[in-house]
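In what follows, a structure is listed as structure tokens, so that the remarks can point back to it.
Number of protein chains: 2
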Amino acid sequence: MMEVMTTRAESAAATRRALLDAAAELLDLGGPEAVTLREVGARAGVTRGAPYRHFTGKDSLLTAVAAESWERIGDQVHALRTDPSLSASEKLRGALRALIDVGRNQPHLYQVLFRRRANLPGQLGDGMDRIRRQLCGPEGDPAVADRAAERFQDEFLDIVAALAGERNARHYGALLLTSAHGIAGMELSGHLDTDKWHTTADELVDTLVRMVTDVGETT
Amino acid sequence: MMEVMTTRAESAAATRRALLDAAAELLDLGGPEAVTLREVGARAGVTRGAPYRHFTGKDSLLTAVAAESWERIGDQVHALRTDPSLSASEKLRGALRALIDVGRNQPHLYQVLFRRRANLPGQLGDGMDRIRRQLCGPEGDPAVADRAAERFQDEFLDIVAALAGERNARHYGALLLTSAHGIAGMELSGHLDTDKWHTTADELVDTLVRMVTDVGETT
DNA sequence: TCATACAGTTGACAGCGTCATCTGAACCGG
DNA sequence: CCGGTTCAGATGACGCTGTCAACTGTATGA
Chain A
0 MMEVMTTRAE SAAATRRALL DAAAELLDLG GPEAVTLREV GARAGVTRGA
50 PYRHFTGKDS LLTAVAAESW ERIGDQVHAL RTDPSLSASE KLRGALRALI
100 DVGRNQPHLY QVLFRRRANL PGQLGDGMDR IRRQLCGPEG DPAVADRAAE
150 RFQDEFLDIV AALAGERNAR HYGALLLTSA HGIAGMELSG HLDTDKWHTT
200 ADELVDTLVR MVTDVGETT
Chain B
0 MMEVMTTRAE SAAATRRALL DAAAELLDLG GPEAVTLREV GARAGVTRGA
50 PYRHFTGKDS LLTAVAAESW ERIGDQVHAL RTDPSLSASE KLRGALRALI
100 DVGRNQPHLY QVLFRRRANL PGQLGDGMDR IRRQLCGPEG DPAVADRAAE
150 RFQDEFLDIV AALAGERNAR HYGALLLTSA HGIAGMELSG HLDTDKWHTT
200 ADELVDTLVR MVTDVGETT
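Below, the structure written as structure tokens:
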């Protein structure tokens, strides 16, 4: 049965978890538009104002969901990289497919993962307001999601380095990563017509892996 | 000075144009969230209900904006393809950069261009409602945007075929297109850290062009 | 000339994110 | 054990949104 909640910290942590789970579920079902703070609260057993005790707002909540997902993907790629039963090519193919599979199985989540970072452009005027706000809660901070996404990229980079050599790893790593992202994105948006192009996302991944494998051998 | 509007059709057409222009401008400024039917109407000199005479709703309006943009990009690539002063490689590089430049200069528009197509997944239940609705107005119909996007892809495919041969054109064309889309997307979202990867989007494009040029030569 | 079609206006509604305010119970120093 | 404090959560309110039904006035076409 359910553990009895005694301390306030435990109860708050449980609410936070429930909010994140509810948000992730609603995101899967109907995209960011369907993630209503009212509905999230209801599914977590609280009311519409409660999420503001754990996140600075809706954006912050979605960012936290993205951060957890990045961590999960990072773990997955880490497991691939350190699996001694896999060849270097298999590791690379697995990492690329891991990303594309998220696009396939959780398209709405995938789009949130690659949301535009808030403080990218030269907007510094009201940027300070946003930044200060999001510093209120350490979670939902874009920096948290950024760190998690970068860990994934680091793991990925190591896999590429083992295959194509340290020299080419960064350039070709970026090429592979962006290409996989593009494959996932166009498959997701429906702009990759497999009939028109006589090819599939999986075949494109194979070609990418083969190309980098060749680079590694001839270097 | 301004031409006097007499006929009702002219007036309506002018309003439609103004609505599209206002929507495109607001999209550039603040993304889809900033495209308010009230503000669009205000900038077009009408009120909030007027857009419903020309589009079935906000989604339909944004789809029409995307369709016009796809047509513009298609024209641009067509001009590249038929320019006798350019080499095949230059045509390919230009086409890829044309797409990436949209991502750079109009990031919000770019995301709308690659919006998920409505009728992709197996949702047929309420899908009929949506479809019948969007058939009311021939514009804003997703099919219009799809046709425009496909014309761009056809032009692009021809450029690749001239460089890599008919045999490889489709497979490598898809690879190039998805890769360019991924480069644009990750640069746009801020996930392509040029310091970390020791490379830039432009260098990645050059590598892609070189790879396909090699394929064309060795075939 | 007169009925009609139709672009555009207006009022209304439900739902949204967000904030200020309030409440009650867990906490903690004495 | 007790009384003040902190803080998770509830609640009311506000402005904004997309959407639709009902309405208005004018150009159209027979």
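Heads up: the sequence lines are chains A and B, in that order.
Just so you know, we're using numbering that gives the first Met the number 0 here: the first sequence kicks off at 0 and counts up by one.
Just so you know, we're using numbering that gives the first Met the number 0 here: the second sequence kicks off at 0 and counts up by one.
No residue lacks a Cβ here, since even glycine has one placed at the ideal position from N, Cα and C.
Decide if the stretch 109 to 118 of chain A is in contact with the stretch 173 to 193 of chain B; the criterion is three or more beta carbon pairs, one per stretch, under 8 Å apart. yes
Could you name the residues of chain A that Ser188(B) contacts, counting a contact when the two beta carbons are closer than 7 Å? For the purposes of this step, residue 188(B) is taken as the residue at position 189 of the second sequence. Correct list: Phe113, Arg114, Arg115 and Arg116.
Residue burial classification, Glu186(B) (beta-carbon count within 10 angstroms, cutoff 16): One-based indexing of the second sequence puts residue 186(B) at position 187. So Glu186(B) counts as buried.
Can you list the residues of chain A that Ala65(B) reaches, using a CB-CB cut of under 9 Å? In the second sequence, the residue the question calls residue 65(B) occupies position 66. Within 9 Å Cβ-Cβ: nothing; Ala65(B) doesn't reach chain A, min ~11 Å.
Under three-state DSSP, which class holds Arg92(B)? As a working note, residue 92(B) is residue 93 in the second sequence. In this structure, Arg92(B) counts as helix in the three-state DSSP scheme.
Tell me which residue opens and which closes the alpha helix (DSSP H) that Arg42(A) is part of. Counting from 1 along the first sequence, the entry for residue 42(A) is found at position 43. Here the alpha helix (DSSP H) through Arg42(A) covers Leu36 to Arg42.
Let me know the secondary structure DSSP gives Gly30(B) once reduced to three states. The residue given as residue 30(B) occupies position 31 in the second sequence. Reduced to three states, the DSSP call for Gly30(B) is coil.
For Pro106(A), I'd like the list of residues in its chain whose CB is within less than 6 Å of its CB, leaving aside the five on either flank, ordered along the chain. Translated into positions along the first sequence, residue 106(A) becomes position 107. The residues are Leu187.
Would you kindly report the start and end of the unbroken alpha helix (DSSP H) that includes Val64(B)? Walking along the second sequence from the start, residue 64(B) turns up at place 65. That run of the alpha helix (DSSP H) goes Lys57 to Arg80.
Please state if the CB of Val208(B) and the CB of Ser88(B) are separated by a distance shorter than 8 Å. Numbered from its first residue, the second sequence carries residue 88(B) at position 89. Numbered from its first residue, the second sequence carries residue 208(B) at position 209. Taking 8 Å as the Cβ cut-off, Ser88(B) and Val208(B) qualify as a contacting pair.
Can you look up Val45(B) in the DSSP assignment and give me helix, strand or coil? Position 46 of the second sequence, counted from the start, is the residue given in the question as residue 45(B). Note: Val45(B) maps to coil in three-state DSSP.
Should Ala144(B) be flagged as near chain A, meaning a C-beta pair shorter than 8 Å? Residue mapping note: residue 144(B) aligns to position 145 of the second sequence, counting from 1. Chain A contact via Cβ: absent.
Trp69(B) at chain A interface by Cβ criterion, 8 Å: For this step, residue 69(B) is matched to residue 70 along the second sequence. Not one chain A Cβ lies under 8 Å of Trp69(B).
Whose C-beta lies closer than 7 Å to the C-beta of Ala94(B) among residues of the same chain, with five residues either side of it excluded? The residue you call residue 94(B) lines up with position 95 of the second sequence. Val76, Leu79, Phe155 and Ile158, listed in sequence order.
Please determine if the stretch 195 to 205 of chain A and the stretch 16 to 25 of chain B are in contact, where contact requires at least 3 C-beta pairs separated by less than 8 Å. no
Pairwise C-alpha distance: Asn104(A) and Thr217(B): Numbered from 1 along the second sequence, position 218 holds the residue referred to as residue 217(B). Numbered from 1 along the first sequence, position 105 holds the residue referred to as residue 104(A). One C-alpha to the other measures close to 38 Å.
Going straight from the alpha carbon of Ala147(A) to that of Asp140(A), what length do you get? Stepping through the first sequence from its first residue, residue 147(A) is reached at position 148. Stepping through the first sequence from its first residue, residue 140(A) is reached at position 141. Going by the C-alpha atoms only, they are around 12 Å apart.
Quick one: residues in its chain with C-beta nearer than 6 Å to the C-beta of Arg150(A), no 5 flanking neighbours on either side, listed in chain order? In the first sequence, counting from the first residue as 1, residue 150(A) sits at position 151. Taken in chain order, the residues that qualify are Gly73.
Under DSSP, the alpha helix (DSSP H) around Arg166(B) begins and ends at which residues? Counting from 1 along the second sequence, the entry for residue 166(B) is found at position 167. Residues Pro141 to Ser188.
For the stretch 67 to 96 of chain B, list every residue whose C-beta sits within 8 Å of some C-beta in chain A, in sequence order. none
Which word fits Thr6(A), buried or exposed, when buried means at least 16 other C-beta atoms lie within 10 angstroms of its C-beta? Against the first sequence, residue 6(A) aligns to sequence position 7. The residue is exposed, with fewer than 16 neighbouring Cβ atoms inside 10 Å.
Short of 8 Å in beta carbon distance, which residues of its chain neighbour Gly136(B), apart from the five on each side in sequence? Order them along the chain. Reading the second sequence from its first residue, position 137 is the one you call residue 136(B). Annotation note: pLDDT 44 at Gly136(B) (below 50); position unreliable, coordinate value reported separately. Hits under 8 Å: His53, Phe54, Thr55 and Ser59.
So, is the C-beta of Pro31(A) closer than 8 Å to a C-beta in chain B? Residue mapping note: residue 31(A) aligns to position 32 of the first sequence, counting from 1. Chain B contact via Cβ: absent.
Would the beta-carbon of Val211(B) fall within 8 Å of that of Leu175(B)? Position 212 of the second sequence, counting from 1, holds the residue named residue 211(B). Position 176 of the second sequence, counting from 1, holds the residue named residue 175(B). Their beta carbons are under 8 Å apart, which means Val211(B) touches Leu175(B) by this criterion.
Suppose you measure from the CA of His180(A) to the CA of Leu98(A); what does that come to, to the nearest Å? As a first step, residue 180(A) must be located in the first sequence, where it is residue number 181. As a first step, residue 98(A) must be located in the first sequence, where it is residue number 99. Rounded to whole angstroms, His180(A) to Leu98(A) spans 7 Å at the Cα level.
For Cys135(A), would you say it is in contact with chain B, using Cβ-to-Cβ distances shorter than 8 Å as the test? Position 136 of the first sequence, counted from the start, is the residue given in the question as residue 135(A). Here the model assigns Cys135(A) a pLDDT of 40, short of 50, so the residue's position is not dependable, and the following value carries that caveat. No, Cys135(A) lies away from the interface with chain B (no Cβ there is under 8 Å from its Cβ).
Quick check on DSSP: helix, strand or coil for Thr212(A)? Stepping through the first sequence from its first residue, residue 212(A) is reached at position 213. Helix, per DSSP.
Could you have a look at Thr206(A) and say whether DSSP puts it in helix, strand or coil? Indexing the first sequence from 1 puts residue 206(A) at position 207. Helix, per DSSP.
Buried or exposed: where does Gly102(A) fall if 16 or more other Cβ atoms within 10 Å of its Cβ makes it buried? If you number the first sequence from 1, residue 102(A) lands on position 103. Buried, since its Cβ has 16 or more Cβ neighbours within 10 Å.
Where do the ends of the alpha helix (DSSP H) carrying Leu191(A) lie? Indexing the first sequence from 1 puts residue 191(A) at position 192. From DSSP, Leu191(A) is part of no alpha helix (DSSP H); its letter is neither H nor E.
Could you tell me whether any Cβ in chain A is nearer than 8 Å to the Cβ of Gly181(B)? Counted from its first residue, the second sequence places residue 181(B) at position 182. Chain A contact via Cβ: present.
What does Gly56(B) reach in chain A if we use C-beta pairs closer than 9 Å? For the purposes of this step, residue 56(B) is identified with residue 57 of the second sequence, where counting begins at 1. Under the 9 Å cutoff, chain A gives no residues; its nearest Cβ is about 14 Å from Gly56(B).
Thr14(B) to Leu61(B), Cα distance in whole Å? If you number the second sequence from 1, residue 14(B) lands on position 15. If you number the second sequence from 1, residue 61(B) lands on position 62. Approximately 16 Å between the Cα atoms of the pair.
Cβ neighbours of Leu91(A) in the same chain (closer than 6 Å, five flanking residues each side left out): The residue you call residue 91(A) lines up with position 92 of the first sequence. Hits under 6 Å: Ile158, Leu162 and Val208.
Rounded straight-line distance, which links the Cα of Val45(B) to that of Leu153(A): Within the first sequence, residue 153(A) is the residue found at index 154, counting from 1. Within the second sequence, residue 45(B) is the residue found at index 46, counting from 1. Note that residue 153(A) corresponds to Asp in the displayed sequence, not to Leu. In a straight line, the C-alpha of Asp153(A) is about 52 Å away from that of Val45(B).
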